[in-house]
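Here the sequence shown is numbered in the working numbering, starting from 10 and rising by one per residue.
Backbone N, C-alpha and C define an ideal beta-carbon position, used for all residues, glycine too.
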Amino acid sequence: MPCSIHYTSVSFTPPPPPSPSSQVQIEDVETEEKRLALFLELLEAARRWDDFQLLVLLLQAWPPMTTGDTSQSERNPWVALTSALLTRCQGSEVTLDLGRQVVAMVRSLYNTKHKLPVPCLRRIAGLMLQSAAGLQQPALKLMSESGDEELLRLTLDQIGSMTASSASALPEQCAAAVPRRDQRERLRGEGGRARETGGK
Numbered sequence: 010m011p012c013s014i015h016y017t018s019v020s021f022t023p024p025p026p027p028s029p030s031s032q033v034q035i036e037d038v039e040t041e042e043k044r045l046a047l048f049l050e051l052l053e054a055a056r057r058w059d060d061f062q063l064l065v066l067l068l069q070a071w072p073p074m075t076t077g078d079t080s081q082s083e084r085n086p087w088v089a090l091t092s093a094l095l096t097r098c099q100g101s102e103v104t105l106d107l108g109r110q111v112v113a114m115v116r117s118l119y120n121t122k123h124k125l126p127v128p129c130l131r132r133i134a135g136l137m138l139q140s141a142a143g144l145q146q147p148a149l150k151l152m153s154e155s156g157d158e159e160l161l162r163l164t165l166d167q168i169g170s171m172t173a174s175s176a177s178a179l180p181e182q183c184a185a186a187v188p189r190r191d192q193r194e195r196l197r198g199e200g201g202r203a204r205e206t207g208g209k
């Protein structure tokens with residue numbers, strides 16, 4: 010007697026991406042590569058300030074590698090975190106001062122061996138200047154504290170484009186870090202020569 014076979018279609022729903030509240034297993038963090046992969050997964054899912062705050066604590070507990078791709082500004086976890094924070098954590102429901110949070114985050118690394126390299130500071134300052142949240146003054150704080158001549162030149166350019174009232178509202182430590190007039194002329198001259206050399 011012939012037997013009949015009935016086929017039943019089964020739909021497959023892919024699992025949702027991990028959220029910052031997902032449970033982390035010990036094997037997820039046993040190597041630097043796995044910690045970085047976990048961070049990137051959590052960053053992809055982060056949408057609220059609480060999520061980003063957790064990621065800040067994660068990076069502070071397990072600092073990222075300082076060699077290879079992660080030392081470059083585009084792939085540095087702190088830069089990626091800042092970019093995502095400024096892009097996603099906005100809107101009328103956001104009541105915190107994003108600029109102050111980013112400045113505090115960067116400053117927390119100043120006296121550690123994980124202090125951000127200058128290319129990363131440049132990238133973070135650029136993200137803040139481009140942000141729709143109006144983060145020019147916090148960006149100038151980081152730029153003036155960097156000690157980097159290129160960022161100091163950019164600080165001067167930014168201050169020069171500000172209105173008198175806006176410039177007068179700059180924090181004292183920001184104004185104090187800006188070079189004196191003779192130093193400014195030297196920096197601008199060096200910047201011009203560097204651009205000419207680069208264009209040849």
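The Cβ atoms of Pro147 and Val115 do not sit closer than 7 Å to each other. Residue Pro86 holds the alpha-carbon nearest to the alpha-carbon of His123 among Asp60, Glu39, Ala142, Pro86. Cβ-Cβ distances below 8 Å link Ala142 to Leu95, Gln99, Leu107, Gly108 in the same chain, with the five nearest sequence neighbours on each side left out; the list follows chain order. In this structure, DSSP gives Lys150 a helical state, which the three-state scheme calls helix. About 5 Å separates the Cβ atoms of Leu151 and Ala134, confirming a contact at the 8 Å cut-off. Inclusion of Val127 and Asp157 in the CB contact set at 7 Å is warranted, their separation being smaller than that value. Counting only residues of its own chain and dropping the five nearest sequence neighbours on each side, Arg57 has a CB closer than 8 Å to the CB of Cys98.
For Leu90 against Leu64, the beta-carbon gap comes to about 6 Å, under 8 Å, which counts as contact. Here DSSP, grouped into helix, strand and coil, assigns Trp58 to helix.
Secondary structure note for Asp166: its alpha helix (DSSP H) is the uninterrupted segment 158-169.
In this structure, Ala93 and Ala55 form a Cβ contact; the two beta carbons are roughly 6 Å apart against a cut-off of 8 Å. Buried is the label assigned to Asp60, since at least 16 other Cβ atoms lie within 10 Å of its Cβ.
Ser170 and Leu149 have their C-alpha atoms roughly 13 Å apart. The C-beta of Thr164 has 16 or more other C-beta atoms within 10 Å across all chains shown, which makes the residue buried.
Under a 10 Å Cβ-count criterion, Leu49 is classified as exposed, with fewer than 16 other Cβ atoms of the shown protein chains found around its own Cβ. For Leu136 and Glu53, the gap between their C-alpha atoms comes out near 18 Å.
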